[in-house]
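If you read the sequences in order, they're chains A and B.
Heads up: take any position in the first sequence, counting from 1, add 512, and you land on the numbering used here.
Heads up: take any position in the second sequence, counting from 1, add 1, and you land on the numbering used here.
No residue lacks a Cβ here, since even glycine has one placed at the ideal position from N, Cα and C.
Small disclaimer: the values here were computed from a predicted structure and weren't measured.
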Amino acid sequence: MTEPTREMDTVQRLHVMAAGVRGARVAERILPAPFEEVWEAMAALDFLPDLQRVWVLRTDGDRIEALARSRYGFRAHLRGFRRPGWCWLQSRFLIVGLAAAPAPGGTGTRIALTGGVRIPTRAAVVPFGTLRELTSAGDRLATRLER
Amino acid sequence: MTGERRDRGVALARAARAGDTLALHELLDHLGPYVSRVCTPIALADGPDAVQETLLVVFRQLRSLKDPQALYGWVRAVAVREAVRIARRASRARPAELADVPAGGDPQLATDIDDVLARLSPEHRAVLVLRDVEGLDEQSAAALLRIPAGTAKSRLHRARTSFRKAWSA
Chain A
513 MTEPTREMDT
523 VQRLHVMAAG
533 VRGARVAERI
543 LPAPFEEVWE
553 AMAALDFLPD
563 LQRVWVLRTD
573 GDRIEALARS
583 RYGFRAHLRG
593 FRRPGWCWLQ
603 SRFLIVGLAA
613 APAPGGTGTR
623 IALTGGVRIP
633 TRAAVVPFGT
643 LRELTSAGDR
653 LATRLER
Chain B
2 MTGERRDRGV
12 ALARAARAGD
22 TLALHELLDH
32 LGPYVSRVCT
42 PIALADGPDA
52 VQETLLVVFR
62 QLRSLKDPQA
72 LYGWVRAVAV
82 REAVRIARRA
92 SRARPAELAD
102 VPAGGDPQLA
112 TDIDDVLARL
122 SPEHRAVLVL
132 RDVEGLDEQS
142 AAALLRIPAG
152 TAKSRLHRAR
162 TSFRKAWSA
């Protein structure tokens, strides 16, 4: 029988993950920069709403544990997975999902963001304003890459 | 699939339903290859779209799955339905013309198998996958496809005949 010829890319995977998180929205856009450059900026995570600084505490294969501090002084202990073009993290109060993949046609990078303030212990985010915040985060990332 | 792997999937589904998105993440890694194995022979070139559509439905509805033990049967049913739907939508369905079946011993046999598959309708491919890849009996395959057992049987006969011709011609 025929073997799979093409896997889902990371952006498609992010849509699937978001489907499993109640209230989650996905902000998607294409940035006119190469994948490597875009992913380097995304992986720093500090363009996301409320995340001022992020310290990676430890990694083990694709597993990652990080400490984040918000602009308002809150701290979040994030655990999850990081792979090229992919990052999924959760803490008690946050869910963060990032994806990047070369855009079709080979020009630019398609990115997608999801997550938000987590309803504690649940696969759900507070639905209000989520898409607006994610879209703003995409704007911030685009501005940084233009510099 | 081994019992151990199956148990792992069920445990991940339980943890994901309880709200752990890291378990949800692992469940995606776990189910992806299985869904691909069901969808790709049915949806062919549209396999990746069928895989994504299947996983979107599965993740959206995971909360409403009454018994996590039924995970694989449920995922398989969604995968077959989505693969047939996507393949039909793409208008790739062309019934097999047995005269067009490639000759045996052809060095391009792997491609020829794909050609034979492509000439079957998505519904015929679905029966073939359920019976010969997933090992379901006719009754179960028919129930999953929501067709009478006789229809499943005739589709399977036609699909197998096409393949037999491909090897013996």
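(1) Look at the alpha carbon of T619 of chain A and the alpha carbon of F547 of chain A, and state the distance between them as a whole number of angstroms.
(2) Below 8 Å on C-beta distance, what does V528 of chain A contact in chain B?
(3) Assuming contact is defined by CB atoms lying nearer than 8 Å, are L606 of chain A and G627 of chain A in contact in what I supplied?
(4) For the segment 520-534 of chain A and the segment 595-604 of chain A, state whether three or more C-beta atom pairs, one from each stretch, are separated by less than 8 Å.
(5) I want to see whether chain B comes within less than 8 Å of A662 of chain A, judged by CB atoms only; does it?
(6) Under the three-state reduction of DSSP, which class applies to V566 of chain A: helix, strand or coil?
(7) For the alpha helix (DSSP H) holding A44 of chain B, just list the boundary residues, first then last.
(8) The alpha helix (DSSP H) spanning T522 of chain A covers which residue range?
(9) Does the segment 528-541 of chain A come within contact of the segment 15-33 of chain B, defined as at least 3 CB pairs closer than 8 Å?
(10) Have a look at L146 of chain B and E54 of chain B and give me their C-alpha separation to the nearest angstrom.
(11) Return the CA-CA distance between T621 of chain A and P632 of chain A, expressed in angstroms with no decimal places.
(12) Put L651 of chain A into one of helix, strand or coil per three-state DSSP.
(13) Could you check which residue in A:V637, A:P544, A:G641, A:G573 has the C-alpha nearest to that of T655 of chain A?
(14) Quick one: is D50 of chain B buried, meaning 16 or more other Cβ sit within 10 Å of its Cβ, or exposed?
(15) Is there at least one Cβ from chain B nearer than 8 Å to G532 of chain A's Cβ?
(16) Going along the chain, which residues of its own chain have a beta-carbon closer than 6 Å to the beta-carbon of R490 of chain A, five neighbours each way excluded?
(17) Between which two residues does the alpha helix (DSSP H) containing R171 of chain B stretch?
(18) Which residues of chain B have a Cβ atom closer than 8 Å to the Cβ of R591 of chain A, listed in chain order?
(19) Between A:V550, A:A539, A:L579, A:R537, which lies nearest to A613 of chain A when the distance is taken from Cα to Cα?
(20) Alpha carbon to alpha carbon, what distance is there between R652 of chain A and A624 of chain A?
In this structure, then:
(1) To locate residue 619 of chain A, count along the first sequence from 1; it is residue 107. To locate residue 547 of chain A, count along the first sequence from 1; it is residue 35. Approximately 9 Å between the Cα atoms of the pair.
(2) Here residue 528 of chain A refers to the residue found at position 16 of the first sequence. Here the neighbours are L29, Q53, L56, L57, F60.
(3) Working through the first sequence from its first residue, we reach residue 606 of chain A at position 94. Working through the first sequence from its first residue, we reach residue 627 of chain A at position 115. Yes.
(4) yes
(5) Here chain A has residues from 513 to 659 only, and residue 662 of chain A is not among them.
(6) The residue given as residue 566 of chain A occupies position 54 in the first sequence. Looking at V566 of chain A - three-state DSSP - the assignment turns out to be strand.
(7) The residue you call residue 44 of chain B lines up with position 43 of the second sequence. In the DSSP assignment, A44 of chain B falls within the alpha helix (DSSP H) that extends over 22-44.
(8) For the purposes of this step, residue 522 of chain A is taken as residue 10 along the first sequence, with counting starting at 1. Per DSSP, T522 of chain A belongs to the alpha helix (DSSP H) from 522-531.
(9) Judged by Cβ distances under 8 Å, the segment 528-541 of chain A makes contact with the segment 15-33 of chain B, as three or more pairs qualify.
(10) Residue 146 of chain B sits at position 145 when you count from the first residue of the second sequence. Residue 54 of chain B sits at position 53 when you count from the first residue of the second sequence. Using only the alpha carbons, I get a separation of about 17 Å.
(11) As a position in the first sequence, residue 621 of chain A is number 109, starting the count at 1. As a position in the first sequence, residue 632 of chain A is number 120, starting the count at 1. Cα to Cα, the separation comes out at about 33 Å.
(12) Here the question's residue 651 of chain A lines up with position 139 in the first sequence. Reading off the sequence shown, one finds Asp at residue 651 of chain A, where the question assumed Leu. Three-state result, D651 of chain A: helix.
(13) Counted from its first residue, the first sequence places residue 655 of chain A at position 143. Per the Cα distances, A:P544.
(14) One-based indexing of the second sequence puts residue 50 of chain B at position 49. Counting Cβ neighbours within 10 Å, D50 of chain B comes out buried, since at least 16 surround it.
(15) Working through the first sequence from its first residue, we reach residue 532 of chain A at position 20. With 8 Å as the cut-off, G532 of chain A counts as an interface residue toward chain B.
(16) In the structure displayed, chain A extends from 513 to 659; residue 490 of chain A sits before or after that span and is not available.
(17) As shown, chain B starts at 2 and ends at 170. That puts residue 171 of chain B outside it, with no answer to give.
(18) Here residue 591 of chain A refers to the residue found at position 79 of the first sequence. What R591 of chain A touches in chain B: L23.
(19) As a first step, residue 613 of chain A is located in the first sequence; it is residue number 101 there, counting from the start. The candidate whose alpha carbon is nearest that of A613 of chain A is A:V550.
(20) Looking up residue 624 of chain A in the first sequence gives position 112. Looking up residue 652 of chain A in the first sequence gives position 140. Those two C-alpha atoms are separated by around 14 Å.
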